[in-house]
Amino acid sequence: MIFETLPTTPTSEELIDKAFSRAARAGRAKSGVEAQQSMLQTASNVLSDNLQNVVTAWPDFHEVDPFYYELADAIVEDPVSDADATADDVEGPEDAPSGVDAVRQSLSEIQWASRKTKEIGRDYQGRLPNDTEAARKIRKQGFARLADVVEEVSGDLERVGEARNALRDLPEIDPDDPTVVVAGYPNVGKSSFVNGVTRASNEIAEYPFTTKGVRVGHFERDHVRYQIVDTPGLLDRPAEERNDIESQAVSALEHLADCVLVIVDPSGYCGYSLDAQLALRDSIAERFGDVPVLTVGNKSDLSTDVDADLFMSVENDENVDETLDAAVEAIGYEPELPFEG
Ligand SMILES: Nc1nc2c(ncn2[C@@H]2O[C@H](COP(=O)(O)OP(=O)(O)O)[C@@H](O)[C@H]2O)c(=O)[nH]1
Ligand SMILES: [Mg+2]
0 MIFETLPTTP
10 TSEELIDKAF
20 SRAARAGRAK
30 SGVEAQQSML
40 QTASNVLSDN
50 LQNVVTAWPD
60 FHEVDPFYYE
70 LADAIVEDPV
80 SDADATADDV
90 EGPEDAPSGV
100 DAVRQSLSEI
110 QWASRKTKEI
120 GRDYQGRLPN
130 DTEAARKIRK
140 QGFARLADVV
150 EEVSGDLERV
160 GEARNALRDL
170 PEIDPDDPTV
180 VVAGYPNVGK
190 SSFVNGVTRA
200 SNEIAEYPFT
210 TKGVRVGHFE
220 RDHVRYQIVD
230 TPGLLDRPAE
240 ERNDIESQAV
250 SALEHLADCV
260 LVIVDPSGYC
270 GYSLDAQLAL
280 RDSIAERFGD
290 VPVLTVGNKS
300 DLSTDVDADL
310 FMSVENDENV
320 DETLDAAVEA
330 IGYEPELPFE
340 G
């Protein structure tokens with residue numbers, strides 16, 4: 000997973016502490032003006048390198064799969080408008096970037112700070128006089144400038160750190176693997192179905208970005224690994240009831256899905272009218288465009304009174320594998336064989 004390897008982002012205080020304590024150690028190894036020179040060089044190198052490392056740890060968002068891009072955009076919290084606002088902060092909240100754009104902007108600020116700390120180091124080294132006391136004074140001024148620059152991006156480091164924490168907890172999902180997305184109103188049997196077909200592999204991972212968490216599991220057919228995604232809180236009610244983050248997560252699912260199974264419960268035991276369930280099915284079919292959408296009537300042990308593509312009873316393990324087969328067939332995935340062609 001692309002965000003899994005993102006290292007912890009240091010805070011501005013951690014960076015400054017690290018740089019100045021390394022500088023002090025470097026200074027102790029020398030004496031006179033040379034000690035001051037060495038301190039400036041060490042502090043500026045440590046800051047510049049560590050700031051640069053924060054930036055280069057991130058993937059280029061232009062090359063990130065659209066599924067992950069949308070997801071990252073949904074997960075990354077928008078900056079709180081007045082969190083690090085200062086008197087000369089003229090940007091209104093309506094101009095402030097959100098989601099991935101906010102992270103990208105923060106990364107470019109951190110990039111700026113990396114260049115700036117290098118520059119300051121060179122600049123102050125060039126200004127060191129031959130007198131030790133005078134040199135110490137200049138070195139201190141240099142340190143103050145370095146600390147100012149790092150503090151200026153403290154909000155950016157924080158934002159990038161929060162984004163990293165949110166993103167690295169995403170479970171393994173491969174946007175290139177063929178994927179079945181399971182939709183339908185609550186209590187129709189989505190989780191029972193997903194649990195049933197992935198039980199053997201026992202690999203369900205929660206996606207922690209809605210209150211309920213999207214769950215991702217896997218199954219195999221003809222040596223091909225398929226992903227199956229349960230979507231509580233997302234594709235389980237009308238679109239107009241979704242908040243912004245949820246709508247965006249649905250956009251991410253559109254990039255991911257190769258087949259959507261809309262589970263309906265004609266028995267009505269789920270507590271939702273069949274009309275409402277079919278309306279949800281229609282809106283999903285429209286939203287997912289070219290992706291095949293199959294209507295699956297579950298709880299066939301209770302009722303089959305609906306116009307569906309398939310019927311199953313997860314409870315009685317009837318037609319469950321066949322339903323999965325139908326999804327696999329609808330996907331029609333042809334693995335690329337490297338020795339063909
Ligand atoms: N009678 C019957 N009950 C089922 C069937 N499948 C699931 N259920 C029950 O329906 C309820 C809701 O199932 P669940 O999987 O949690 O639904 P979800 O909210 O769509 O994930 C549970 O009590 C299940 O035991 C079925 O085929 N027949
Ligand atoms: Mg469920």
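Numbering (numbering that gives the first Met the number 0), first residue to last: 0 to 340.
Idealized CB from N, CA, C, for every residue including glycine.
Taking one beta carbon from each stretch, the segment 42–54 and the segment 227–238 have fewer than 3 pairs nearer than 8 angstroms; the two do not touch. In the three-state scheme derived from DSSP, where H, G and I count as helix and E and B as strand, residue 141 is classed as helix.
In this structure, residue 153 and residue 11 form a Cβ contact; the two beta carbons are roughly 4 angstroms apart against a cut-off of 8 angstroms. With contacts defined as CB atoms closer than 8 angstroms, residue 26 and residue 43 fail to qualify as a contacting pair. Shown here for residue 190: same chain residues with a beta carbon closer than 6 angstroms to its own, the five before and five after excluded, namely 229 in chain order.
Residue 66 counts as buried, since at least 16 other C-beta atoms from the protein chains shown sit within 10 angstroms of its C-beta.
Check the Cα spacing between residue 219 and each of 213, 197, 237, 239: the tightest is with 197. If you ignore the 5 residues before and after residue 1, its C-beta comes within less than 7 angstroms of the C-beta of 58, 63, 67, all in its own chain and listed in chain order. Following the DSSP letters along the chain, one finds residue 26 in no beta strand (DSSP E) but inside the alpha helix (DSSP H) bounded by residues 11–27. The C-beta distance from residue 149 to residue 105 rounds to 14 angstroms, too long to meet the 8 angstroms contact threshold.
Distances from the alpha-carbon of residue 250 to those of 298, 262, 180, 20 put 180 closest. The residues 15, in chain order, have a CB closer than 6 angstroms to that of residue 146 in the same chain once the five nearest residues on each side in sequence are set aside. According to the DSSP assignment, residue 224 belongs to the beta strand (DSSP E) that extends over 223–229. Sixteen is the threshold: since fewer than 16 other Cβ atoms of the shown chains lie within 10 Å of the Cβ of residue 61, the residue is exposed.
Going by DSSP, residue 192 is part of the alpha helix (DSSP H) stretching over 189–197. With a cutoff of 7 angstroms, residue 117 does not count as near ligand 2, since its C-beta is closer than that to no heavy atom of the ligand. The Cβ atoms of residue 293 and residue 258 lie closer than 8 angstroms to each other.
If you look at residue 254, you'll find it in the alpha helix (DSSP H) that goes 243–255. Of all alpha-carbon atoms in 138, 4, 213, 49, the one lying nearest the alpha-carbon of residue 112 is that of 49.
Distance check between residue 185 and each of 20, 261, 22 places 261 closest, using alpha-carbon atoms only. Look at residue 305 here: in three-state DSSP terms it is coil, with no helix or strand label.
Exclusion of residue 298 from the 7 angstroms shell around ligand 2 follows from its C-beta lying no nearer than that to any non-hydrogen atom of the ligand. Within the same chain, and ignoring the five residues on either side of residue 29 in sequence, the residues whose Cβ sits closer than 7 angstroms to its Cβ are 37.
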